[in-house]
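In the working numbering, the protein residues as written are 2 to 299.
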């Protein structure tokens, strides 16, 4: 009798411990007005989400509400792997409606708000590109290592397509070259990223709109608020306008350069990732009630 009691007590403690471990791994809740899948199991209504769970939608969208405050609308025919610190979009599209510490990851690229209350739409195209639309506020796109690829302004869309990996990822950027006390700076017209350019005979291009082919200068400290230092390999003047110098002595402005590009599609290559601007935004059409967040059950 005593042995039976011990066995039952041990079994009860094991079940309790398993329940506590499961509760500790719960990171949020998923909900939808129609059936969706969580780790390949069909769900109707709400489901708690544990670390690493895969949520997949069918004909309707699903809402993901994480305990850290991140809120994501997963569109129909989409799939995402959910972690507390990141949501990996594996198929389809998602809309980040409330930001938090978690980034939305697509094809290794990390998309996060660059402003408070920003709303971002991320879609995987059939051709393999990642389309990022800043619906409200601005967004920032980085590599897994944190290297800034682009800043997406509110109301605009950029398409990203990682290229084949190379020992020295290529760069091709364009914009107005500014010369000042901080050296030579160029804000790329497509990605809105500021670069610190270094190379020979750059002074003759100051104040002109140029296209630059370059490579990253490892371990160099960027100047003038730039995010990266580039070693110029080739530079070419393009027939685009640049703003006049702002100083009274007609010297190049020391502020952030502003690039003026003709309307239409623009392209850049940053750290081996092709970035296209002037692309049409993906249609954002979500099915399902978004007014009330679901209640997390444990």
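Note that the Cβ used here is the ideal one computed from N, Cα and C, for glycine as well.
Since this is a predicted model, take the numbers as computed values, not measurements.
State the DSSP-derived secondary structure class of residue 130, mapped to helix, strand or coil.
coil
Taking the alpha carbon of residue 181 as the reference point, which residue from 100, 139, 203, 171 has its own alpha carbon closest?
203
Chain-order list of residues whose beta-carbon lies under 6 Å from that of residue 1 (same chain, five-residue window excluded):
In the structure as shown, the chain starts at 2 and stops at 299, and residue 1 therefore has no counterpart that could be examined.
Cβ-Cβ distance between residue 54 and residue 68 below 9 Å
no
Under 6 Å Cβ to Cβ from residue 80, same chain only, skipping five residues before and after it: list those, please.
57, 91, 92
What do you get for residue 45, buried or exposed, if any count of 16 or more other CB atoms within 10 angstroms of its CB means buried?
exposed
Please classify residue 31: does DSSP put it in a helix, a strand, or coil?
strand
Here's a check: name, in chain order, each residue in its chain whose Cβ is nearer than 6 Å to the Cβ of residue 162, leaving out the five neighbours to either side.
130, 275
Less than 9 Å between the C-beta atoms of residue 277 and residue 160, yes or no?
yes
Distance, Cα to Cα, residue 217 vs residue 141?
20 Å
What is the DSSP secondary structure of residue 272, reduced to helix, strand or coil?
coil
Going by beta-carbon coordinates alone, are residue 121 and residue 152 separated by less than 9 Å?
no
Near residue 26, what residues of its chain come up, given a Cβ to Cβ distance below 7 Å and the 5 sequence neighbours on each side ignored?
51, 52
Below 9 Å between beta carbons: does that hold for residue 174 and residue 231?
yes
Identity of the residues DSSP links to residue 210 by a beta bridge
177
Would residue 123 pass as a contact of residue 94 if the rule is Cβ separation under 9 Å?
yes
For residue 158, does the count of other Cβ atoms within 10 angstroms reach 16, so buried, or fall short, so exposed?
buried
Alpha-carbon to alpha-carbon, residue 210 and residue 240
7 Å
Nearest by alpha-carbon distance to residue 223: which of 115, 75, 244, 196 is it?
196
What does the Cβ neighbour count give for residue 114, buried or exposed, with the cut at 16 atoms within 10 Å?
buried
Cβ-Cβ separation, residue 150 to residue 192 (assumed contact under 8 Å), whole Å:
7 Å
What whole-angstrom Cβ distance do residue 237 and residue 212 have, given they're in contact under 8 Å?
5 Å
List the residues that DSSP assigns as beta-bridge partners of residue 57.
38, 80
Per DSSP, residue 113 forms a beta bridge with which residues?
141
According to the Cβ coordinates, are residue 101 and residue 138 closer than 9 Å?
no
Which class does residue 205 belong to by DSSP, given the choice of helix, strand or coil?
helix
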